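Listed in order, the protein sequences are those of chains A and B.
Just so we're aligned, residue 84 is where the first sequence starts under the numbering used here, counting upward by one.
Just so we're aligned, residue 195 is where the second sequence starts under the numbering used here, counting upward by one.
Note that the Cβ used here is the ideal one computed from N, Cα and C, for glycine as well.
Quick caveat, the model's predicted, so the values are computed rather than measured.
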Amino acid sequence: MGETADRVLGGCRIALLVVTAVIQAGLSLPVVTGTASRYAFAVLGAVLVVAAFWVLRGRPVPWPAAVTGGAVVLAASAVATWSVPPGELFGDRHWVFGLAGWHLLILLLDRPGAAVVALGAQLALTVVRLVTAAPTDRAEIGGVVIVGLSVITFQIATLALVRVVNRRAGEAAEASAERDRLLHRKALAEQQEADQRNRFAGQLGATLPLLAGLADRTLDPRDEVVRRRCAFAATQLRRLFAENDDVPDPLVHEVSACVDLAERRGLTVTLAVSGEAVPVPTAVRRALTTPLMTALVAARSQARVSVLRTGDEIRVAAITDGEPETRPNGSGAVDVEWHALGERSWMEAKWRTEPR
Amino acid sequence: MAYGTALTAVVVDDHPAVRAGVVHWLSSGTPPVTVVAEGEDVRAAWIGDGAQADVVILDLHLNSTTPAMGDLRRLTEAGRRVVVYSMRADDETVLQCLELGALSYLTKAEGAEHLLEAVRAAAADRPYTPPSLAGALAGDRSERRPALSARETEVLIEWFQSESKDFVAHRLGISPNTVNSHLERIRVKYAQIGREAPTKAALVARAIQDGLIGVSDL
Chain A
84 MGETADRVLG GCRIALLVVT AVIQAGLSLP VVTGTASRYA FAVLGAVLVV
134 AAFWVLRGRP VPWPAAVTGG AVVLAASAVA TWSVPPGELF GDRHWVFGLA
184 GWHLLILLLD RPGAAVVALG AQLALTVVRL VTAAPTDRAE IGGVVIVGLS
234 VITFQIATLA LVRVVNRRAG EAAEASAERD RLLHRKALAE QQEADQRNRF
284 AGQLGATLPL LAGLADRTLD PRDEVVRRRC AFAATQLRRL FAENDDVPDP
334 LVHEVSACVD LAERRGLTVT LAVSGEAVPV PTAVRRALTT PLMTALVAAR
384 SQARVSVLRT GDEIRVAAIT DGEPETRPNG SGAVDVEWHA LGERSWMEAK
434 WRTEPR
Chain B
195 MAYGTALTAV VVDDHPAVRA GVVHWLSSGT PPVTVVAEGE DVRAAWIGDG
245 AQADVVILDL HLNSTTPAMG DLRRLTEAGR RVVVYSMRAD DETVLQCLEL
295 GALSYLTKAE GAEHLLEAVR AAAADRPYTP PSLAGALAGD RSERRPALSA
345 RETEVLIEWF QSESKDFVAH RLGISPNTVN SHLERIRVKY AQIGREAPTK
395 AALVARAIQD GLIGVSDL
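Put into structure tokens, the structure is as follows:
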């Protein structure tokens, strides 16, 4: 169960320890007589001290220590019971009977089954002493057994109560954690939706004015510049769709999407990929492919696109036979270089996978 | 050489159309390369005229899904100069072919020009590094890869990206010949690692003769 339940159970254990110590010192001490009884009393006190080592820190007594302690308590109880005159069993001078049960409870509070068995053994022990010690009449045996049972029942009831409280605390903690989880999931989902909206809105930024311009005829589709803008917007959308696909190699998938659109425009594009796929964050993939789109839109008839992944960097490059009007710079961790040689222009977007 | 001074080659490929195309490319080059034998499996390179050919052009996927690495190894161990010409371009296969002693690895996307250069280079025990192979070498992350200088890595990357030695030369401010010698030196470094093969030893010996590396570099 949860932390809350553990805390509640730890509190119960400490309360039990304090109550038992008070009973032992206040009620039992004055009636202890005889050497054997005194030893038994001291042993029970020692068990309390040892148990306090864990109980006061809110932890259960470990299983081996609890079993050993339980055996010691039962032995001490036997010694003290046997030193009480048979006629006074369950009486005022039989101090150990009311007391030892509490010790057993402290030790075995976390193992209700074992606790009930130990308490039963404690009662059985006294009954055996009663039956074997002196011939008594049935009415007397009946009377003392009732006294004994009432004591044991009280202790078992305490045990049951603690367990119930503990379970309720656990359930309460569980419910509260579940509510927290739900709230967290809800917040996360809202955030994701907002992100998605922002992303699409951001990516559609270039598309919407273009569509508006075409619709109200302020832009002429026969104009070369307008056609390039359309090609760019189309590539952008295509890459955006590719971004949401679940594929083993998202970068090459998105680069292929850009190449695909360029081929539809009638370009001859060769795509070369080298190196193994490595994870690349979405934002970096976008920064790597944006200059590629610019380069491909500017190409007139041919392009060579390459993706190279070495141990510590990723390079997306394009060589085309066209000159872009603008040469977008890199953003964030991605460096972009442009270079022209005669008719051809070269673009390379580079990202270091491990920052130096 | 079996046919006077003309270069001879044997073409091993399971597709007749590919064999026909390669034969045409080689015979129409200047100077032409004579194809003395062709066949759909590697026997063509071991028996008849094919056994004497200067260069073996080998397709890695001969009627099977697994690459014919064993055939390649037996050829290079016999000292045959092999140019691998394959559909597949995964880096691991490419590097493995170099390790076994192939003098060049071309993908079928690379055309006549690269094939002719690779065959001519191979006949003289020289390596040829087409762009796809340069990409594989640049992306090589294996532990045994040889140490390349910064300039050599740049040459590999630029050549892979541009497919144009003039462009690489212009970008790096060196002559196209220097680009070639960088590429050859890289291949000599690769020839010196891994298992030994007569073709790799011949490649290194040729590099020493050409003055690309000194004996002290070994």
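If I measure Cβ to Cβ from residue i and keep anything under 6 angstroms in the same chain, skipping five residues before and after, which residues do I get?
i, result
"Gly-152 of chain A", "Val-130 and Leu-190"
"Gly-388 of chain B", "Glu-293"
"Gly-413 of chain A", "Val-419"
"Asp-343 of chain A", "none"
"Trp-421 of chain A", "Arg-410 and Met-430"
"Asp-208 of chain B", "Glu-234, Leu-256 and Asn-257"
Inspect the beta-carbon positions of residue i and residue j and report whether they are closer than 8 angstroms.
i, j, result
"Val-356 of chain A", "Trp-434 of chain A", "no"
"His-376 of chain B", "Leu-424 of chain A", "no"
"Ser-298 of chain B", "Ala-317 of chain B", "no"
"Arg-398 of chain A", "Glu-431 of chain A", "yes"
"Ala-161 of chain A", "Leu-208 of chain A", "yes"
"Tyr-279 of chain B", "Asp-248 of chain B", "no"
"Leu-294 of chain B", "Thr-323 of chain B", "no"
"Ala-125 of chain A", "Leu-100 of chain A", "no"
"Asp-284 of chain B", "Gly-333 of chain B", "no"
"Arg-312 of chain A", "Leu-287 of chain A", "no"
"Pro-169 of chain A", "Ala-216 of chain A", "yes"
"Val-349 of chain B", "Leu-366 of chain B", "yes"
"Val-250 of chain B", "Ala-239 of chain B", "yes"
"Ala-401 of chain A", "Leu-379 of chain A", "yes"
"Val-234 of chain A", "Gly-184 of chain A", "yes"
"Glu-357 of chain B", "Arg-320 of chain B", "no"
"Val-179 of chain A", "Ala-163 of chain A", "yes"
Applying a beta-carbon distance threshold of less than 7 angstroms, which residues of chain A neighbour residue i?
i, result
"Ala-332 of chain B", "Ser-357, Leu-391 and Thr-393"
"Ala-245 of chain B", "Per Cβ cutoff of 7 angstroms: no residues; Ala-245 of chain B is ~35 angstroms from chain A at best."
"Ser-326 of chain B", "Ala-355"
"Ile-380 of chain B", "What Ile-380 of chain B touches in chain A: nothing, since even the nearest Cβ is about 14 angstroms away."
"Asp-235 of chain B", "Near Asp-235 of chain B there are no residues of chain A at all, since even the closest Cβ is about 30 angstroms away, more than 7 angstroms."
"Ile-387 of chain B", "Residues of chain A passing the Cβ test: none, with the nearest at roughly 17 angstroms."
Can you name, in chain order, every residue of its own chain whose Cβ lies under 8 angstroms from the Cβ of residue i, other than the five neighbours on each side?
i, result
"Ser-336 of chain B", "Leu-289"
"Arg-345 of chain B", "Leu-366 and His-376"
"Val-417 of chain A", "Val-367, Ala-370, Leu-371, Ala-432, Lys-433 and Trp-434"
"Ile-106 of chain A", "Gly-181, Leu-182 and Trp-185"
"Val-373 of chain B", "Val-349, Trp-353, Lys-359, Val-362, Ala-363 and Leu-366"
"Thr-290 of chain A", "Ala-316, Gln-319 and Leu-320"
"Gly-128 of chain A", "Gln-107"
Apart from the five residues just before and just after residue i, which ones in its own chain have a Cβ nearer than 7 angstroms to its Cβ?
i, result
"Gly-198 of chain B", "For Gly-198 of chain B, the pLDDT reaches just 49, beneath the cut-off of 50, and the residue's location in the model is therefore unreliable, leaving the point undetermined."
"Val-217 of chain B", "Val-205, Val-229 and Glu-232"
"Met-195 of chain B", "Caution applies to Met-195 of chain B, whose pLDDT of 42 falls short of 50 and renders its modelled position unreliable; the model cannot decide the point."
"Met-263 of chain B", "Gln-290 and Leu-294"
Throw me the rounded Cβ distance for the residue i and residue j pair, which I believe falls under 8 angstroms.
i, j, result
"Thr-436 of chain A", "Ala-252 of chain A", "Incorrect: roughly 49 angstroms between the Cβ atoms, too far for contact."
"Thr-277 of chain B", "Val-313 of chain B", "It should be noted that the sequence gives Val, not Thr, for residue 277 of chain B. The Cβ separation is near 6 angstroms, so the contact holds."
"Leu-220 of chain B", "Asp-235 of chain B", "About 20 angstroms; that fails the 8 angstroms criterion."
"Val-361 of chain A", "Val-388 of chain A", "No, Val-361 of chain A and Val-388 of chain A are not in contact; Cβ-Cβ is about 18 angstroms, not under 8 angstroms."
"Leu-192 of chain A", "Arg-96 of chain A", "6 angstroms"
"Ala-198 of chain A", "Leu-188 of chain A", "6 angstroms"
"Ala-325 of chain A", "His-336 of chain A", "5 angstroms"
Using a cut-off of 8 angstroms between C-beta atoms, extract the partners of residue i located in chain A.
i, result
"Arg-338 of chain B", "The premise fails here: Arg-338 of chain B is roughly 14 angstroms from chain A at the closest Cβ pair, so nothing lies under 8 angstroms."
"Asp-248 of chain B", "Here the premise fails: no neighbours, minimum Cβ distance about 29 angstroms."
"Arg-335 of chain B", "Gly-358, Glu-359, Thr-393 and Gly-394"
Give the residues of chain B in contact with residue i, contact being defined as C-beta atoms less than 7 angstroms apart.
i, result
"Ala-400 of chain A", "Gln-355"
"Leu-424 of chain A", "Phe-361 and His-364"
"Thr-351 of chain A", "Per Cβ cutoff of 7 angstroms: no residues; Thr-351 of chain A is ~12 angstroms from chain B at best."
With distances taken Cα to Cα, identify the nearest neighbour of residue i among the options.
i, options, result
"Val-138 of chain A", "A:Ile-229, A:Leu-302, A:Asp-89 and A:Ala-314", "A:Asp-89"
"Leu-244 of chain A", "A:Pro-195, A:Arg-347, A:Ala-360 and A:Asp-332", "A:Pro-195"
"Gly-405 of chain A", "A:Ser-414, A:Gln-385, A:Val-419 and A:Val-417", "A:Gln-385"
"Val-71 of chain A", "A:Ala-123, A:Ala-298, A:Val-132 and A:Arg-369", "No answer is possible for residue 71 of chain A: the residues shown for chain A start at 84 and end at 439."
"Trp-429 of chain A", "A:Gly-415, A:Ala-381 and A:Asp-395", "A:Ala-381"
"Pro-325 of chain B", "A:Ala-119, A:Leu-375 and A:Val-390", "A:Val-390"
"Ala-415 of chain A", "A:Thr-377, A:Leu-375, A:Pro-364 and A:His-422", "Reading off the sequence, residue 415 of chain A comes out as Gly, not Ala. When each option's Cα is compared against that of Gly-415 of chain A, the closest is A:Pro-364."
"Val-114 of chain A", "A:Phe-173, A:Gly-94 and A:His-177", "A:His-177"
"Ala-200 of chain B", "B:Pro-210, B:Gly-223 and B:Arg-213", "B:Gly-223"
"Arg-212 of chain A", "A:Ala-360, A:Phe-173 and A:Thr-377", "A:Phe-173"
"Ala-314 of chain A", "A:Arg-383, A:Ala-198 and A:Ala-154", "A:Arg-383"
"Thr-373 of chain A", "A:Glu-346, A:Leu-266, A:Pro-407 and A:Leu-350", "A:Pro-407"
"Arg-268 of chain B", "B:Arg-213, B:Leu-406, B:Met-281 and B:Pro-392", "B:Pro-392"
"Arg-121 of chain A", "A:Val-102, A:Val-210, A:Gly-93 and A:Ser-166", "A:Ser-166"
"Gln-386 of chain B", "B:Asp-265, B:Asp-243 and B:Pro-340", "B:Pro-340"
Which residues of chain B have a Cβ atom closer than 8 angstroms to the Cβ of residue i, listed in chain order?
i, result
"Glu-431 of chain A", "Gln-355"
"Arg-387 of chain A", "Gln-355, Ser-356 and Glu-357"
What does residue i reach in chain A if we use C-beta pairs closer than 9 angstroms?
i, result
"Ala-303 of chain B", "Thr-353 and Ala-355"
"Gly-367 of chain B", "By Cβ distance, chain A contributes nothing, its closest Cβ being about 12 angstroms from Gly-367 of chain B, past 9 angstroms."
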